[in-house]
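Participant:
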Amino acid sequence: MKLHPAEIAKLLRGFSFFSSFSDEMILQISTMTSIAEFDIGQYILREGEINTKLYFLKEGVAEIILASEVVAILQTPGDVMGEMSVVLKKPVTTSIRAKNKLVCFVIDSNYFSHVPQKDFDKFNALLFRVYSTVLADRLIKTNEKARLFEVANRELYEAQANLEKSTGKNVLLVDSDRKQLVLAKMAVGSSGVNMDVASDLTSAIQLLKSNSYDAIIFDENSKDICKEFKSISGSPKFVLITTKRVEENLPIIKELITIDNVITRDPDDKQLTIKTLLTTLTKLLSDDIFGIEKYLSWGVDIQTKKVSSSSERMLLKQEMVDYFLRLGIRKTILEKLFLVTEELLMNAVYDAPTDTQGKAIFNHLSRKTEVVLDSHQQSILSYGCDGIYLAVSVTDPFGSLNKKTITDYLENCYKGQPENLNQFKGGAGRGLHQIIENSDLTIFNVKPGKKTEVICLFFTELNKKEPNPSFHYFFGK
Numbered sequence: 001m002k003l004h005p006a007e008i009a010k011l012l013r014g015f016s017f018f019s020s021f022s023d024e025m026i027l028q029i030s031t032m033t034s035i036a037e038f039d040i041g042q043y044i045l046r047e048g049e050i051n052t053k054l055y056f057l058k059e060g061v062a063e064i065i066l067a068s069e070v071v072a073i074l075q076t077p078g079d080v081m082g083e084m085s086v087v088l089k090k091p092v093t094t095s096i097r098a099k100n101k102l103v104c105f106v107i108d109s110n111y112f113s114h115v116p117q118k119d120f121d122k123f124n125a126l127l128f129r130v131y132s133t134v135l136a137d138r139l140i141k142t143n144e145k146a147r148l149f150e151v152a153n154r155e156l157y158e159a160q161a162n163l164e165k166s167t168g169k170n171v172l173l174v175d176s177d178r179k180q181l182v183l184a185k186m187a188v189g190s191s192g193v194n195m196d197v198a199s200d201l202t203s204a205i206q207l208l209k210s211n212s213y214d215a216i217i218f219d220e221n222s223k224d225i226c227k228e229f230k231s232i233s234g235s236p237k238f239v240l241i242t243t244k245r246v247e248e249n250l251p252i253i254k255e256l257i258t259i260d261n262v263i264t265r266d267p268d269d270k271q272l273t274i275k276t277l278l279t280t281l282t283k284l285l286s287d288d289i290f291g292i293e294k295y296l297s298w299g300v301d302i303q304t305k306k307v308s309s310s311s312e313r314m315l316l317k318q319e320m321v322d323y324f325l326r327l328g329i330r331k332t333i334l335e336k337l338f339l340v341t342e343e344l345l346m347n348a349v350y351d352a353p354t355d356t357q358g359k360a361i362f363n364h365l366s367r368k369t370e371v372v373l374d375s376h377q378q379s380i381l382s383y384g385c386d387g388i389y390l391a392v393s394v395t396d397p398f399g400s401l402n403k404k405t406i407t408d409y410l411e412n413c414y415k416g417q418p419e420n421l422n423q424f425k426g427g428a429g430r431g432l433h434q435i436i437e438n439s440d441l442t443i444f445n446v447k448p449g450k451k452t453e454v455i456c457l458f459f460t461e462l463n464k465k466e467p468n469p470s471f472h473y474f475f476g477k
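The sequence shown stops at residue 477 when you use this note's numbering, and every number in between is there.
1. In its own chain, which residues sit with a C-beta less than 7 Å from the C-beta of LYS425, not counting the 5 before and 5 after it?
2. State yes or no: is the C-beta of LEU278 within less than 8 Å of the C-beta of ILE216?
3. Measuring alpha carbon to alpha carbon, tell me which residue in MET84, SER34, VAL307 and ASP287 is nearest ASN51.
4. Spell out the partners DSSP gives GLY384 in its beta bridges.
5. Classify THR242 as buried or exposed, calling it buried when 16 or more other Cβ atoms lie within 10 Å of its own Cβ.
6. Within 10 angstroms of its Cβ, does MET479 collect 16 or more other Cβ (buried), or is it exposed?
7. Would you be able to state if there are at least three C-beta pairs under 8 Å between the segment 89-103 and the segment 14-29?
8. Flag this pair as touching only if the segment 435-442 and the segment 360-380 have three or more C-beta atom pairs under 8 Å; answer yes or no.
9. Taking the alpha-carbon of GLY299 as reference, which of PHE398, GLY387, LYS415 and THR452 has the nearest alpha-carbon?
10. Can you tell me where the alpha helix (DSSP H) with CYS413 in it begins and where it stops?
11. Drop a sphere of 10 angstroms on the beta-carbon of GLY399, count the other beta-carbons inside from all chains shown, and report buried for 16 or more, exposed for fewer.
12. Taking the beta strand (DSSP E) that VAL340 falls in, what are its first and last residues?
13. Hey, could you find the ends of the alpha helix (DSSP H) SER235 is sitting in?
14. Contact between the segment 34-54 and the segment 68-84: three or more CB pairs below 8 Å?
15. Identify the residues that DSSP records as bridge partners of SER95: which are they?
16. On a Cα-Cα basis, can you pick out the residue from LEU457, THR33 and ILE65 that is closest to GLU293?
17. Specify, as a first and last residue, the run of the beta strand (DSSP E) that PHE458 falls within.
18. Note down, one range per segment and in chain order, each alpha helix (DSSP H) of at least 4 residues found wholly within the segment 188-217.
19. What residues in its chain sit with their C-beta under 6 Å from that of SER109, if we drop five residues either side in the sequence?
20. Which residue comes first and which comes last in the alpha helix (DSSP H) that contains TYR473?
21. Taking 6 Å as the limit between beta carbons, can you name the residues of its chain near PHE290, skipping five residues before and five after?
22. Report, in whole angstroms, the separation of the C-beta atoms of ALA348 and VAL307, which I expect to be a contact under 8 Å.
23. Would you give the residue range spanned by the alpha helix (DSSP H) that THR280 belongs to?
24. What's the call for GLY234, buried or exposed, on a 16-neighbour Cβ count within 10 Å?
25. Any idea what DSSP makes of GLU49, helix, strand or coil?
26. So SER310 packs on GLU370, CB below 8 Å; how close in whole Å?
27. Can you tell me the Cα-Cα spacing of ILE406 and ASP351, whole angstroms?
28. Give the range of the beta strand (DSSP E) segment to which ILE435 is assigned.
29. What three-state label does DSSP hand MET32 in the structure shown?
30. List the DSSP bridge partners of HIS309.
31. Terminal residues of the continuous beta strand (DSSP E) containing ASN249?
32. Just to check my reading of the structure: LEU201 and CYS226 have Cβ atoms closer than 8 Å, yes? What is that Cβ distance to the nearest angstrom?
33. Select from GLY192, LEU250, VAL193 and ALA184 the residue whose C-alpha is nearest the C-alpha of PHE218.
34. Cα separation between ARG178 and PRO251?
35. For PHE229, is the classification buried or exposed, using 16 other Cβ atoms within 10 angstroms of its Cβ as the cut-off for buried?
36. What distance in whole Å lies between the Cβ atoms of ILE40 and VAL103, which are believed to be in contact at a cut-off of 8 Å?
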């Protein structure tokens with residue numbers, strides 16, 4: 001791939017890094033800019049190497065690797081790589097590898113030492129400008145990462161503190177991934193909850209024969225443990241934990257539909273994995289599965305609004321968006337939030353209300369028909385943000401959602417056959433599909449016949465990672 005300097009300058013102008021540079025300066029830089037392509041798995045930079053080049057991401061996704069672990073990804077056009085090794089003239093401290101086909105603009109700092117004498121002062125000033133911008137950008141990112149690190153650490157501490165209230169409870173984790181076992185043991189170990197771990201079914205069965213547990217968590221590779229349930233003493237709560245995408249999750253979830261609690265995890269995100277486990281145990285061991293606050297830092301301002309009619313939806317959504325705009329939440333996140341909240345409110349007004357016999361009251365109506373809810377039918381809209389997660393939830397007083405509805409609707413939507421499900425129901429499950437696909441994580445908390453809470457989480461951190469929506473559900477008794 002070869003581009004004229006004017007074409008390169010036009011593309012560089014669109015990168016935030018160069019936003020304060022003059023057109024003349026960008027054109028000068030473009031004359032010293034080349035294009036490099038990297039295949040999947042190919043390294044752009046390797047830890048310990050001497051580097052003289054600045055790389056600006058044009059297309060693709062790059063992984064930053066430290067001590068053999070992927071610690072971050074770069075996927076925004078204009079993301080800069082190799083800056084600190086160039087500025088400090090020291091070996092590269094982290095490796096960078098192409099996650100897929102990658103295209104970069106490359107500026108070799110050695111070019112600056114070969115400019116004509118008459119242009120030396122001008123290019124020396126240009127070099128200083130580039131370096132100062134690199135350092136300023138790195139400082140901003142470092143400060144933001146420090147803030148996010150502090151928030152994440154605080155959240156983990158709070159989750160662990162909440163779990164300490166369940167001191168004396170016994171938990172069994174059966175997981176074929178030994179790394180996850182070690183991670184879980186360390187996270188739960190200091191909370192006062194006793195956790196036994198097993199990496200295979202044989203070891204798990206031996207533990208079950210000699211111990212009684214309040215909760216048993218198992219991964220999809222250990223599903224055969226379900227055959228031992230009848231012989232298990234006590235009444236433990238069972239949790240299926242899986243790592244796959246929603247569409248790939250559904251067969252195993254449907255196979256184990258009798259399991260009341262299902263969670264997912266991202267093995268590449270240790271902090272989120274730990275928090276998910278701690279939050280899940282806190283919910284189950286305390287017999288309190290409800291509450292948006294369980295997924296946000298302690299002390300976060302939670303806004304709550306009553307949902308009393310279908311005509312209020314627009315006002316409720318606009319008030320929520322205005323609230324988050326004042327907090328500085330990006331519009332791209334708020335667009336998804338707006339869509340998700342519309343579906344949550346539609347479900348709360350038209351789908352959730354049932355009569356004493358469990359029969360839907362308003363589900364047969366067109367979504368354009370005005371519905372006014374009696375006081376005992378009204379739902380609650382809640383939302384808040386702790387700097388890392390933005391959360392919204394709608395809670396209704398009916399508890400009419402069930403596991404089969406969730407899995408059947410999603411399965412048909414992913415197969416492209418939503419019309420196969422109850423053609424008289426508005427949306428035929430498309431709304432549920434929209435909620436999950438536009439959120440980073442959706443949690444269904446249900447006490448059948450009493451209460452349903454749907455919580456949707458959105459990551460506020462820039463370039464958190466590639467979208468991989470998932471859902472959890474918890475069904476109480």
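Cβ coordinates follow ideal geometry from the N, Cα and C atoms, glycine included.
Facilitator: In short, the structure shows the following:
1. Taking the first residue of the sequence shown as position 1, residue 425 is located at position 425. In this predicted model, LYS425 has a pLDDT of only 48, less than 50, meaning its place in the structure is not dependable; the value taken from the coordinates is given anyway. The answer, listed in chain order, is ASN363.
2. Start at 1 with the first residue of the sequence shown, and residue 278 comes out as number 278. Start at 1 with the first residue of the sequence shown, and residue 216 comes out as number 216. Contact: no.
3. Position 51 of the sequence shown, counting from 1, holds the residue named residue 51. Ranking the options by Cα distance to ASN51, first place goes to MET84.
4. As a position in the sequence shown, residue 384 is number 384, starting the count at 1. According to DSSP, GLY384 bridges with ALA391.
5. Taking the first residue of the sequence shown as 1, we reach residue 242 at position 242. Buried, since its Cβ has 16 or more Cβ neighbours within 10 Å.
6. This structure cannot speak to residue 479, because the chain is shown only from 1 to 477.
7. no
8. no
9. Indexing the sequence shown from 1 puts residue 299 at position 299. Comparing Cα positions, the closest option is GLY387.
10. Taking the sequence shown and counting its residues from 1, one reaches residue 413 at position 413. Residues 403-414.
11. Against the sequence shown, residue 399 aligns to sequence position 399. Burial call: buried.
12. Position 340 of the sequence shown, counting from 1, holds the residue named residue 340. Not the beta strand (DSSP E): VAL340 falls in the alpha helix (DSSP H), residues 331-346.
13. Here the question's residue 235 lines up with position 235 in the sequence shown. Premise fails: SER235 is in no alpha helix (DSSP H) and is neither H nor E.
14. yes
15. Here residue 95 is taken as the residue at index 95 of the sequence shown, counted from 1. SER95 is bridged to ILE65.
16. Mapped onto the sequence shown, residue 293 falls at position 293. Here the closest residue by C-alpha is LEU457.
17. As a first step, residue 458 must be located in the sequence shown, where it is residue number 458. Here the beta strand (DSSP E) through PHE458 covers 451-459.
18. 201-210
19. Against the sequence shown, residue 109 aligns to sequence position 109. Here the set comprises THR52 and VAL86.
20. Here residue 473 is taken as the residue at index 473 of the sequence shown, counted from 1. Counting along the chain, TYR473 falls outside any alpha helix (DSSP H), though it belongs to the beta strand (DSSP E) covering 470-475.
21. Reading the sequence shown from its first residue, position 290 is the one you call residue 290. Closer than 6 Å at the Cβ level, and outside the excluded window around PHE290, lie ASN445 and GLU453.
22. On the sequence shown, residue 348 is found 348 positions in, with the first residue counted as 1. On the sequence shown, residue 307 is found 307 positions in, with the first residue counted as 1. The pair is a contact, with the Cβ atoms about 6 Å apart (cut-off 8 Å).
23. Position 280 of the sequence shown, counting from 1, holds the residue named residue 280. Residues 270-285.
24. Taking the sequence shown and counting its residues from 1, one reaches residue 234 at position 234. By the 10 Å Cβ count, GLY234 comes out exposed.
25. Position 49 of the sequence shown holds residue 49. Residue state, collapsed to three classes: coil.
26. One-based indexing of the sequence shown puts residue 310 at position 310. One-based indexing of the sequence shown puts residue 370 at position 370. Going by Cβ atoms, the distance from SER310 to GLU370 rounds to 6 Å, so yes, they are a contact pair.
27. Here the question's residue 406 lines up with position 406 in the sequence shown. Here the question's residue 351 lines up with position 351 in the sequence shown. Computed Cα separation, rounded: 13 Å.
28. One-based indexing of the sequence shown puts residue 435 at position 435. Segment 430-438 is the alpha helix (DSSP H) holding ILE435; no beta strand (DSSP E) there.
29. Translated into the one-based positions of the sequence shown, residue 32 becomes position 32. In this structure, MET32 counts as coil in the three-state DSSP scheme.
30. For the purposes of this step, residue 309 is taken as the residue at position 309 of the sequence shown. Per the sequence shown, the amino acid found at residue 309 is Ser instead of His. DSSP, once it has assigned bridges, lists VAL372 as partnering SER309.
31. Translated into the one-based positions of the sequence shown, residue 249 becomes position 249. Note, ASN249: premise wrong, no beta strand (DSSP E); alpha helix (DSSP H) at 246-255.
32. Taking the sequence shown and counting its residues from 1, one reaches residue 201 at position 201. Taking the sequence shown and counting its residues from 1, one reaches residue 226 at position 226. In fact, because the Cβ distance is near 10 Å, the residues do not count as touching under 8 Å.
33. Mapped onto the sequence shown, residue 218 falls at position 218. The shortest Cα separation from PHE218 among GLY192, LEU250, VAL193 and ALA184 belongs to ALA184.
34. For the purposes of this step, residue 178 is taken as residue 178 along the sequence shown, with counting starting at 1. For the purposes of this step, residue 251 is taken as residue 251 along the sequence shown, with counting starting at 1. Distance between the alpha carbons of ARG178 and PRO251 is about 24 Å.
35. By 1-based counting over the sequence shown, the position of residue 229 is 229. Counting Cβ neighbours within 10 Å, PHE229 comes out exposed, since fewer than 16 surround it.
36. For the purposes of this step, residue 103 is taken as the residue at position 103 of the sequence shown. For the purposes of this step, residue 40 is taken as the residue at position 40 of the sequence shown. No, VAL103 and ILE40 are not in contact; Cβ-Cβ is about 13 Å, not under 8 Å.
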